[in-house]
Amino acid sequence: MKHRAPKVAPPRHHNLERLEWYPLEPVRWDMGLMSHTMPIQKVQAERPQYAAVAVEPEPTGTDEGSPDQKSSDRNLALNSLALMLSTVVTGALGLLFWAAAGRLYPVAEVGSASAVITSAVMLSTLSNLSLGSMFERFLPVSGWLARSFVVRGYLTVTCFAFLLGCGFLLVAPTDKMFTSTAEVVTFPAFVAVLAVFALQDQTSSGLGVARWAAGKNVFHAVVKFVLLIALFATERSTSIIAAWAVPAVIASVVVLRAILRNLRTEPRYQLPPDLPPKRELWSYFGSAYGITALGSLAPLLVPMIVVATLGAADNAYFSLTWSIVSALYILISVLVGPFVAEVAANPEQFNRLTKRFMTMVCIVALGGSFFLAFLAPFGLGIVGEEYRENGTIIVHLAAITIPLSVVGSLYDGLARVQRRMKLAVVVQVVATAIIIVGSVALSSTLGIAAVGWAYLAAEAFGAIVLIVPLIRWIRELSARGHEQPPSDDDDDDPFPPAPSTPPPGRGGASWPAEVDYSREYSSAGAHSIRTGPRHSRAEPGHAASNQPYRPAPYGQAPYSPAPYSAAPYSAAHYRSPAPGRGTP
């Protein structure tokens, strides 16, 4: 009869993740050679590659009062407070800067310099290519790729900013904006310096040291004010621009060296990277760049619209007034960076950090609205009565606009953390169109107040569109508790999350607490070798010996276990000795 091999069912690949490792029963043999004359010695063997691991739930750091939670809360509070204080200081010094310029320099020179500086700042923001948002979100988890990420990003931004500045000179009204050839020639380099200067703010936030950016901005504000006063005798717009550019160069060099040193010495940047797939990185990059580019487009074009339609003198009144409003916008926006970076570094604390972020944004917005409504007009009156007459309507409109912008700021922060930014891009497109079209259409009849009405309409539109999804996210946040924030690719993950606790041993027994890895042999030869863990037999009062094994995680030292039961093996456990030999 023809022999036929039995049919074997194919393996079930979907069960591979549930496989457990079990040790083979140790071989115990004794030929009886000299076992009656030479004692068996016990020597500690080397630790095997795979050890029995007693898995315990890892601390999540979300418990009230845990050290990780305190550290992240303290770092978020410190960075946010430093950025807010620096924004207040730089805003106040910026107001004094333009007030002193208005007092010490001719109005036409101030209007020309403000148009050049505003255009350079907006071009530098546009040339950042949203790398600042990428640094805030992904630099904390970049590992050893962080240094290369930063160096290549800065080189790219510098080159692109220089080219963008050259292109701007081809389309801008240079005869009205610039007063000398030196300003035209140095404008591309000026844009490149400001691009690096601006990118360092978000890079510092991504590194968790946003206070460096705060110190840098305060230094720049103080030094530029001193240089402005020192060069007032020239009465030229070139002196105003130089007072802005020189301290920016010095501060950028110092902070860049500190950033590179941090990337070289910080331990977390020596670990393997934990970045999402490239498709998700490119999607985030495109969305962030769209928001950044569109958000920079309106402030870039508005000064040009004011200069072209109303003249340099009206642009001087507008620039001084709008610098106060811009300071409050910046004060709210700087809170987003530390929040995103801190959540990226501590995703298990998403719930608590988000509530703190929302509280800070609301407090700052309400305080800023009060300041614009009641205190800003008096500040404009200090500069000059004409500044107060032309700028009061703008600050009053901004007092209504700032609270409406809270909805967009909260949505933007949560969208960056959860990597769901499509709706934010659409809203930014429409809001930018409203600002530009409204400023052009209304400036001939309303003057510089047309810009304030255009921004109010844009923020109102954004609040109406984003308020419903923002409320839904807040409800999900409250229901989710301490869970990690989801992403767009969560539904595409084919593998379910690993269980938080290990499966029990066979028969319901728990995993072994400790194993004694030893080797017993006789000096006369390997006639009684015993390797592997010493298990006690399944005797009454002793744990089961067939516990599951699992390899220790990569990069983690094997678990150091406690000895098993010291109950000796009985003679029945060993093979009977050869005739004439003694019992081992």
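Counting from 260, one number per residue, gives the positions in the sequence shown under this note's numbering.
Ideal Cβ placement from N, Cα and C applies to all residues, glycine included.
This structure is a prediction, so every number in the text was calculated from the model and none was measured.
Where does R678 land, buried or exposed, given buried means 16+ other C-beta within 10 angstroms? Within the sequence shown, the letter at position 419 stands for residue 678. Buried, since its Cβ has 16 or more Cβ neighbours within 10 Å.
Out of T580, I591 and V685, which has the shortest C-alpha to C-alpha gap to A708? For the purposes of this step, residue 708 is taken as residue 449 along the sequence shown, with counting starting at 1. It is T580 whose Cα lies nearest to the Cα of A708.
Label S330 either buried or exposed according to how many other C-beta atoms from any shown protein chain fall within 10 Å of its C-beta, with 16 as the threshold for buried. In the sequence shown, counting from the first residue as 1, residue 330 sits at position 71. Flag for S330 reads exposed.
Measuring only the C-alpha atoms, how far is G697 from S378? Position 438 of the sequence shown holds residue 697. Position 119 of the sequence shown holds residue 378. Near 20 Å, if we compare the C-alpha coordinates of S378 and G697.
Report the rounded CA-to-CA distance for A517 versus S511, giving the unit in angstroms. For the purposes of this step, residue 517 is taken as residue 258 along the sequence shown, with counting starting at 1. For the purposes of this step, residue 511 is taken as residue 252 along the sequence shown, with counting starting at 1. Those two C-alpha atoms are separated by around 10 Å.
Local conformation of L534 per DSSP, three classes: In the sequence shown, the residue the question calls residue 534 occupies position 275. L534: coil per DSSP, three-state reduction.
Between V654 and L530, what straight-line distance do the alpha-carbon atoms span, to the nearest angstrom? Taking the first residue of the sequence shown as position 1, residue 654 is located at position 395. Taking the first residue of the sequence shown as position 1, residue 530 is located at position 271. Cα to Cα, the separation comes out at about 49 Å.
Would you kindly work out how many angstroms separate the C-alpha atoms of F437 and A374, rounded to a whole number? If you number the sequence shown from 1, residue 437 lands on position 178. If you number the sequence shown from 1, residue 374 lands on position 115. Each residue's alpha carbon lies about 9 Å from the other.
Classify W844: buried if its beta carbon has 16 or more other beta carbons within 10 angstroms, exposed otherwise. Coverage of the chain is limited to positions 260 through 843, which leaves residue 844 absent and any answer about it impossible.
Mind pulling the beta strand (DSSP E) runs of 3 or more residues that sit fully within the stretch 648-687? none
Candidates I733, P597 and L515: which alpha carbon is nearest L335's? As a first step, residue 335 is located in the sequence shown; it is residue number 76 there, counting from the start. Comparing Cα-Cα distances from L335 to each of I733, P597 and L515, the minimum goes to P597.
Helix, strand or coil: which one does DSSP assign to L437? What you label residue 437 is simply residue 178 of the sequence shown in a count that begins at 1. According to the sequence as given, residue 437 is Phe; it is not Leu. In this structure, F437 counts as coil in the three-state DSSP scheme.
If you follow the alpha helix (DSSP H) that P597 is in, where does it begin and where does it stop? Taking the sequence shown and counting its residues from 1, one reaches residue 597 at position 338. It spans V595 to A604 - the alpha helix (DSSP H) in which P597 sits, taken as one unbroken run.
From Y528 to R406, what does the alpha carbon distance come to, in whole angstroms? Working through the sequence shown from its first residue, we reach residue 528 at position 269. Working through the sequence shown from its first residue, we reach residue 406 at position 147. Going by the C-alpha atoms only, they are around 8 Å apart.
For K681, does the count of other Cβ atoms within 10 angstroms reach 16, so buried, or fall short, so exposed? Looking up residue 681 in the sequence shown gives position 422. Burial call: exposed.
Apart from the five residues on each side of it in sequence, which residues of its chain come closer than 7 Å, Cβ to Cβ, to V380? Translated into positions along the sequence shown, residue 380 becomes position 121. L453, listed in sequence order.
For G721 versus V685, is the C-beta distance shorter than 8 Å? For the purposes of this step, residue 721 is taken as the residue at position 462 of the sequence shown. For the purposes of this step, residue 685 is taken as the residue at position 426 of the sequence shown. Going by C-beta atoms, G721 is not nearer than 8 Å to V685.
R538 to I499, Cα distance in whole Å? Within the sequence shown, residue 538 is the residue found at index 279, counting from 1. Within the sequence shown, residue 499 is the residue found at index 240, counting from 1. In a straight line, the C-alpha of R538 is about 45 Å away from that of I499.
When the distance is taken between beta carbons, is D533 closer than 8 Å to G402? Working through the sequence shown from its first residue, we reach residue 402 at position 143. Working through the sequence shown from its first residue, we reach residue 533 at position 274. In contact: G402 and D533 (Cβ atoms closer than 8 Å).
Scan the stretch 450-497 and note each continuous beta strand (DSSP E) run of 3 residues or more that stays entirely inside, going in chain order. none
Please go through the same chain and pick out, in chain order, the residues whose beta-carbon is closer than 8 Å to the beta-carbon of P432, but skip the five residues on each side of it. For this step, residue 432 is matched to residue 173 along the sequence shown. Excluding residues within five positions, the ones whose Cβ falls inside 8 Å are M563, V566 and A567.
Residues in the same chain with beta-carbon distance under 6 Å from P259, minus the five sequence neighbours each way, listed in chain order, please. Not covered by the structure: residue 259. The range shown for the chain is 260 to 843.
Buried versus exposed, by CB contacts within 10 Å (16 or more), K614: Sequence index remark: in the sequence shown, residue 614 carries index 355 (1-based). By the neighbour-count rule (16 or more Cβ atoms within 10 Å), K614 is not buried but exposed.
Among L594, S464 and S592, the one whose alpha carbon lies nearest that of E395: Numbered from its first residue, the sequence shown carries residue 395 at position 136. Checking every option, the nearest Cα to that of E395 belongs to S464.
Using a Cβ-Cβ cutoff of less than 7 Å, which residues in the same chain neighbour L715 once the five nearest sequence positions on both sides are dropped? By 1-based counting over the sequence shown, the position of residue 715 is 456. Same-chain partners within the cutoff: L656, I659 and T660.
Whose C-alpha, out of L569, V482, S439 and V508, is nearest the C-alpha of N700? In the sequence shown, counting from the first residue as 1, residue 700 sits at position 441. A small correction: the amino acid at residue 700 is Ala; Asn does not occupy that position in the sequence shown. Closest option to A700, Cα to Cα, is L569.
Since R924 is in the alpha helix (DSSP H), which residue starts that stretch and which ends it? For the chain, the structure presents residues 260 to 843; residue 924 sits outside this window and is missing.
Would you check if the distance between the CB atom of G370 and the CB atom of A635 is smaller than 8 Å? Along the sequence shown, one-based indexing puts residue 370 at 111. Along the sequence shown, one-based indexing puts residue 635 at 376. Going by C-beta atoms, G370 is not nearer than 8 Å to A635.
Can you tell me whether E845 is helix, strand or coil according to DSSP? Since the displayed the chain opens at 260 and closes at 843, residue 845 lies outside it and no answer follows.
So, helix, strand or coil for P365, using DSSP? Position 106 of the sequence shown, counted from the first residue, corresponds to residue 365. Note: P365 maps to coil in three-state DSSP.
For the alpha helix (DSSP H) containing V584, list its first residue and its last residue. The residue given as residue 584 occupies position 325 in the sequence shown. First-last of the alpha helix (DSSP H) with V584: A571 to S592.
Distance check for A600 and L458, CA to CA, integer angstroms please. Here the question's residue 458 lines up with position 199 in the sequence shown. Here the question's residue 600 lines up with position 341 in the sequence shown. Spanning the two alpha carbons is a distance of roughly 15 Å.
Which class does N610 belong to by DSSP, given the choice of helix, strand or coil? Here residue 610 refers to the residue found at position 351 of the sequence shown. Residue state, collapsed to three classes: helix.
Could you tell me the distance, in whole angstroms, from the CA atom of I694 to the CA atom of R734? Residue numbering aside, residue 694 sits at position 435 when the sequence shown is read from its first letter. Residue numbering aside, residue 734 sits at position 475 when the sequence shown is read from its first letter. Approximately 32 Å between the Cα atoms of the pair.
Is it buried or exposed, V514, if we count other Cβ atoms within 10 angstroms and call 16 or more buried? Looking up residue 514 in the sequence shown gives position 255. Per the 10 Å Cβ criterion, buried.
I693 by DSSP, collapsed to three states: which one? On the sequence shown, position 434 is the one that residue 693 refers to. Residue state, collapsed to three classes: helix.
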